[in-house]
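Read the structure below first, then the notes.
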Amino acid sequence: MSKIVSIDFFSSDALELSKKLLGKIIARKINGKILRFRIVEVEAYLGLNDEACHSHKKNRQRSKSLPMYNRGGFSYVYLIYGIYHCFNVVAAPKGDPQSVLIRAVEPLDKEFELKTNGPGNLCKALGININLNNVDMIKSEEIWIENSDTADEDVIISSKRVNVGNSEDSHKFLRFYIYSNKFVSKIDKKREKYFLSNII
DNA sequence: CCTGCGATCGTCT
DNA sequence: GACGATCGCAGGA
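Every letter in the first sequence is one number past the one before it in this note's numbering, and letter 14, counting from 1, is 25.
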């Protein structure tokens, strides 16, 4: 397992980065111990022209979405419904406010027992809160992304994003998850679409 | 100051 | 499928 420190890797747009992040590892230092989690479900948020995105032109969340304007590789964490947090990996070069929402991860440490299905649950389980907002994950020693040391051959499903309202953009298939992985937050057999297979 | 609301989740019907 | 918990922020008065 090797930490991803390439700015290039994170400079892809959110759509590309979301596919690249599936199967990668989130490493998180908790109580001095490094735990690892495999990313199994993500959503792409495409920035200024994506009506479902916090950084969309007409959105009113300016200050909240400022971390998205950093170059790829930073974190974007925010409080939702006053209770949960959501964790994003910022994508694209500086000034282009795109990000990838991490919606579910699979714990790689057998003894880990907290729920990690869904963006709120995984943030709670990994101790991700507003203190981890706007950190450079290329440099951080608290949270970072790693390559997997095993070649995964997963079938990837795409679907509509969850709970993003009814805009034109909400109908786009910008959610991606690993087929039949039991940590995926929820599935809709009727609407899900086969996307591609044998991703490394 | 006051109001409305959200990239959620567990529980209940 | 519907609902409430709970809170920071933007917008309006």
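Note that beta-carbon positions come from the ideal geometry of N, C-alpha and C, so glycine has one too.
Nothing here was measured: the structure is a model prediction, and the numbers come from that model.
Among the residues of its own chain, which have a CB less than 7 Å from the CB of ILE139, if the five just before and after it don't count? VAL88, HIS96 and PHE98
If distances are taken between C-alpha atoms only, which option among TYR56, CYS134 and PHE123 comes closest to VAL173? TYR56
(request) Please list the segments of the beta strand (DSSP E) lying wholly inside the stretch 14-83, counting only runs of 3 or more residues, in order along the chain. (result) 36-41 and 44-56
task = Take every Cβ of the stretch 144-151, pair it with every Cβ of the stretch 75-85, and state whether three or more of those distances are shorter than 8 Å.
result = yes
List, from N- to C-terminal side, the beta strand (DSSP E) runs of 3 residues or more that fit wholly inside the stretch 141-171.
154-158 and 165-170
**Q.** Outcome for GLU124 when other beta-carbon atoms lying within 10 angstroms are tallied against a minimum of 16
**A.** exposed
Subject >> DSSP-derived helix/strand/coil call for SER208 >> reply: Because the pLDDT at SER208 is just 48, under 50, the model does not fix this residue reliably, and the point stays unresolved.
Could you check whether the stretch 146-156 touches the stretch 104-117, counting it as contact only if at least three pairs of C-beta atoms, one from each stretch, sit closer than 8 Å?
no
With a Cβ-Cβ cutoff of 7 Å, do ASN192 and VAL51 count as a contact? yes
State the Cα-Cα distance for the pair SER66 and SER159, rounded to the nearest angstrom. 31 Å
ASN177 in three-state terms, based on DSSP = coil
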